[in-house]
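K.L.:
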Amino acid sequence: MIKGLYKSASAMIPRIKKQEAAANNIANASTPGYKKERIFTKELSKAELKIAQKRNAWEQPMVDKSYTSFAPGVFDNTGNPLHLAIDGDGFFKIELPDGTQALTRNGAFSVNNQGLLEIPGGAVVIGEGGPIEVGSGVIDVSATGIVSSNGQSVGQIRPVTVNNLQELNKIGSSLFIVPDGEELIPVPKSTIQQGYLEASNVDIVREMIEMIISFRNFEADSKSISVQDQSLEQLFSRVGSR
-15 MIKGLYKSAS AMIPRIKKQE AAANNIANAS TPGYKKERIF TKELSKAELK
35 IAQKRNAWEQ PMVDKSYTSF APGVFDNTGN PLHLAIDGDG FFKIELPDGT
85 QALTRNGAFS VNNQGLLEIP GGAVVIGEGG PIEVGSGVID VSATGIVSSN
135 GQSVGQIRPV TVNNLQELNK IGSSLFIVPD GEELIPVPKS TIQQGYLEAS
185 NVDIVREMIE MIISFRNFEA DSKSISVQDQ SLEQLFSRVG SR
């Protein structure tokens, strides 16, 4: 019976994490370039369970792991020449104010007071030769990423990626920090679409359904603990009265 309590309790933890992930996905459903978080849950095999039991006294019948789904979102036509979307794999390369290298699929760019392309928050867009200075001219971006200001080429945006996307460290809503030593790989087949933004890849209806299912499972585990606790209390009462 004690094992049953531990099993029900440990099963509740992944339910909570699923709720949190779904809530965060829904909150960022309108964030350009946002990539949804998923929680993978599985039940331990008997062999894995024995190993877990040797490490500590608690049952651990379930394990969970979060990961990011990098499936593309749909493109929204904004008509804004500073809005860019990557058609294909890869990310925009940016540099945070502290010099940290990061990646994003959010192409809602603007021009800062130094004439540089930047994303919301102040991180500048990095092109082939460094930050892209467009000044106050009319911006045009070709499918190959060549950026022109008033007809003059000022840089080129080339989508990049890494060998293992799950190694990227997510910060904020649509930024990913590149780990030290991780090589950036150019993605030559991807193209740039000017005047478009990539929407998040969140399906709100699906997220809400998963939240409901997760909550129902959490309730079931909670009720199971309550029933087992009452049974234990009755057992102890009987033993104590003898």
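Each residue of the sequence shown is one higher than the one before, starting from -15 at the first, in our numbering. Idealized CB from N, CA, C, for every residue including glycine.
Per the contact definition of three or more C-beta pairs closer than 8 Å, is the region 3 to 21 in contact with the region 185 to 194?
P.N.:
Yes, since at least three Cβ pairs between the region 185 to 194 and the region 3 to 21 fall closer than 8 Å, the two stretches touch.
K.L.:
Once DSSP output is grouped into helix, strand and coil, what is the label at residue 169?
P.N.:
Within the sequence shown, numbered from 1, the residue matching residue 169 stands at position 185. In the structure shown, residue 169 sits in a strand (DSSP, three-state: E or B).
K.L.:
Relative to the C-alpha of residue 160, which candidate in 7, 52 and 4 has its C-alpha closest?
P.N.:
In the sequence shown, residue 160 corresponds to position 176, counting from 1. If we check each option's Cα against that of residue 160, 52 comes out closest.
K.L.:
For residue 169 and residue 200, I'd like the C-alpha separation in whole angstroms.
P.N.:
In the sequence shown, the residue the question calls residue 169 occupies position 185. In the sequence shown, the residue the question calls residue 200 occupies position 216. Distance between the alpha carbons of residue 169 and residue 200 is about 43 Å.
K.L.:
Below 8 Å, can you find three or more Cβ-Cβ pairs linking the region 54 to 61 to the region 122 to 139?
P.N.:
No, the region 54 to 61 does not touch the region 122 to 139.
K.L.:
Buried or exposed: which applies to residue 109, given that a residue is buried once 16 or more other Cβ atoms fall within 10 Å of its Cβ?
P.N.:
Position 125 of the sequence shown holds residue 109. It is buried - the Cβ of residue 109 has at least 16 other Cβ atoms within 10 Å.
K.L.:
On the three-state DSSP scale, how would you describe residue 141?
P.N.:
Taking the first residue of the sequence shown as position 1, residue 141 is located at position 157. If DSSP states are grouped into helix, strand and coil, residue 141 belongs with coil.
K.L.:
For a quick check, are the C-beta atoms of residue 173 and residue 72 less than 8 Å apart?
P.N.:
Position 189 of the sequence shown holds residue 173. Position 88 of the sequence shown holds residue 72. Yes, these two residues count as a Cβ contact at 8 Å.
K.L.:
Does the distance from the CB of residue 69 to the CB of residue 182 come in under 8 Å?
P.N.:
Numbered from its first residue, the sequence shown carries residue 69 at position 85. Numbered from its first residue, the sequence shown carries residue 182 at position 198. In this structure, residue 182 lies closer than 8 Å to residue 69 by Cβ.
K.L.:
Along the chain, where does the beta strand (DSSP E) that runs through residue 93 open and close?
P.N.:
Taking the sequence shown and counting its residues from 1, the one referred to as residue 93 is at position 109. Counting along the chain, residue 93 falls outside any beta strand (DSSP E), and DSSP gives it neither H nor E.
K.L.:
For residue 63 and residue 203, I'd like the C-alpha separation in whole angstroms.
P.N.:
Locating residue 63 in the sequence shown gives position 79, where the first residue counts as 1. Locating residue 203 in the sequence shown gives position 219, where the first residue counts as 1. Their Cα atoms are separated by approximately 47 Å.
K.L.:
In the DSSP output, which residue or residues are listed as bridge partners for residue 155?
P.N.:
The residue you call residue 155 lines up with position 171 of the sequence shown. DSSP lists 159 as partners of residue 155.
K.L.:
Below 8 Å between beta carbons: does that hold for residue 119 and residue 91?
P.N.:
Within the sequence shown, numbered from 1, the residue matching residue 119 stands at position 135. Within the sequence shown, numbered from 1, the residue matching residue 91 stands at position 107. No, these two residues do not count as a Cβ contact at 8 Å.
K.L.:
So residue 20 and residue 9 are in contact, right, with Cβ under 8 Å, and what is the actual spacing, rounded?
P.N.:
By 1-based counting over the sequence shown, the position of residue 20 is 36. By 1-based counting over the sequence shown, the position of residue 9 is 25. Right, their Cβ atoms sit about 5 Å apart.
K.L.:
Beta strand (DSSP E) containing residue 180: first to last residue?
P.N.:
Position 196 of the sequence shown, counted from the start, is the residue given in the question as residue 180. Unbroken beta strand (DSSP E) run through residue 180: 180 to 182.
K.L.:
To the nearest angstrom, report how far apart residue -2 and residue 105 are at their CA atoms.
P.N.:
Taking the sequence shown and counting its residues from 1, the one referred to as residue -2 is at position 14. Taking the sequence shown and counting its residues from 1, the one referred to as residue 105 is at position 121. Approximately 33 Å, taken between the alpha carbons.
K.L.:
In this structure, how does DSSP classify residue 71 when only helix, strand and coil are distinguished?
P.N.:
Within the sequence shown, residue 71 is the residue found at index 87, counting from 1. Strand at residue 71.
K.L.:
Is residue 120 helix, strand or coil by DSSP?
P.N.:
Taking the first residue of the sequence shown as position 1, residue 120 is located at position 136. The answer is coil: DSSP assigns residue 120 none of H, G, I, E or B.
K.L.:
Compute the beta-carbon to beta-carbon distance between residue 142 and residue 112, rounded to the nearest angstrom, for a pair I have assumed lies under 8 Å.
P.N.:
In the sequence shown, residue 142 corresponds to position 158, counting from 1. In the sequence shown, residue 112 corresponds to position 128, counting from 1. The Cβ separation is near 6 Å, so the contact holds.
K.L.:
Nearest-angstrom Cα distance between residue 195 and residue 3?
P.N.:
The residue labelled residue 195 in the question sits at position 211 within the sequence shown. The residue labelled residue 3 in the question sits at position 19 within the sequence shown. For residue 195 and residue 3, the distance between alpha carbons rounds to 6 Å.
K.L.:
On the CB-based measure, 16 or more other CB atoms within 10 Å of its CB, does residue 136 come out buried or exposed?
P.N.:
In the sequence shown, residue 136 corresponds to position 152, counting from 1. When all chains shown are included, residue 136 counts as exposed.
K.L.:
Between 61, 88, 17 and 59, which has its C-alpha nearest residue 152's C-alpha?
P.N.:
Taking the first residue of the sequence shown as position 1, residue 152 is located at position 168. Comparing Cα-Cα distances from residue 152 to each of 61, 88, 17 and 59, the minimum goes to 88.
K.L.:
Under the three-state reduction of DSSP, which class applies to residue 199: helix, strand or coil?
P.N.:
Along the sequence shown, one-based indexing puts residue 199 at 215. Of the three classes helix, strand and coil, the one that applies to residue 199 here is helix, per DSSP.
K.L.:
Excluding the 5 residues flanking residue 102 on each side, which residues of the same chain have their C-beta closer than 7 Å to its C-beta?
P.N.:
Taking the first residue of the sequence shown as position 1, residue 102 is located at position 118. Here the set comprises 93, 94, 96, 108 and 109.
K.L.:
Can you list, in chain order, the residues of its chain whose CB lies under 6 Å from that of residue 157, leaving out five sequence neighbours each side?
P.N.:
For the purposes of this step, residue 157 is identified with residue 173 of the sequence shown, where counting begins at 1. So the qualifying residues of the chain are 12, 15 and 18.
K.L.:
Exposed or buried, what is residue 84 when buried is set at 16 or more other beta-carbons lying within 10 Å of its beta-carbon?
P.N.:
As a working mapping, residue 84 is identified with position 100 in the sequence shown. Classification for residue 84: exposed.
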